[in-house]
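Residue numbers (the numbering used here): 626 to 740.
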């Protein structure tokens, strides 16, 4: 086991966690990666876990350099499938637009909304 440090990608608070060195780090991101599963810091890594989910300044089992921003961030380990490194993508976020039939569509111009 070794102490490893990571910066929060939002506020740059330093997190120090003790973990096995055999896990290769891929990246630290402010969002989870598609298909990755995450364990809390300080837990023994689950066989399926591909990273650690931190809550900046709040996660147990972590030494923090400051109070932190309270936002989650993710340590992503290198994953392999059939001997090849798995490419990473941010998780998809679905956005629901609240546009009703009576609401104007199109850009606002000098003459008002375009129908």
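Virtual Cβ for every residue (Gly too), placed ideally from N, Cα, C.
- Since residue 679 contacts residue 649 with CB under 8 Å, what's their CB separation in whole angstroms? Along the chain shown, one-based indexing puts residue 679 at 54. Along the chain shown, one-based indexing puts residue 649 at 24. Going by Cβ atoms, the distance from residue 679 to residue 649 rounds to 18 Å, so no, they are not a contact pair.
Next on the checklist: Run through the DSSP bridge pairs and tell me what residue 678 is partnered with.
Outcome noted: Position 53 of the chain shown holds residue 678. Residue 678 is bridged to 699.
task: Grab me the residues of residue 643's own chain with a C-beta within less than 6 Å of its C-beta, minus the 5 sequence neighbours each way, in chain order.
output: Counted from its first residue, the chain shown places residue 643 at position 18. Excluding residues within five positions, the ones whose Cβ falls inside 6 Å are 626 and 628.
Beta-bridge partners of residue 644, as assigned by DSSP:
Locating residue 644 in the chain shown gives position 19, where the first residue counts as 1. Checking the DSSP bridge columns, you'll see residue 644 partnered with 627.
Margin query: Please state the DSSP three-state secondary structure of residue 822.
Written below: The structure shown does not extend to residue 822, since the chain is modelled only from 626 through 740, so no value can be given for it.
- In its own chain, which residues sit with a C-beta less than 7 Å from the C-beta of residue 663, not counting the 5 before and 5 after it? One-based indexing of the chain shown puts residue 663 at position 38. Here the set comprises 657, 674, 676, 677, 678 and 699.
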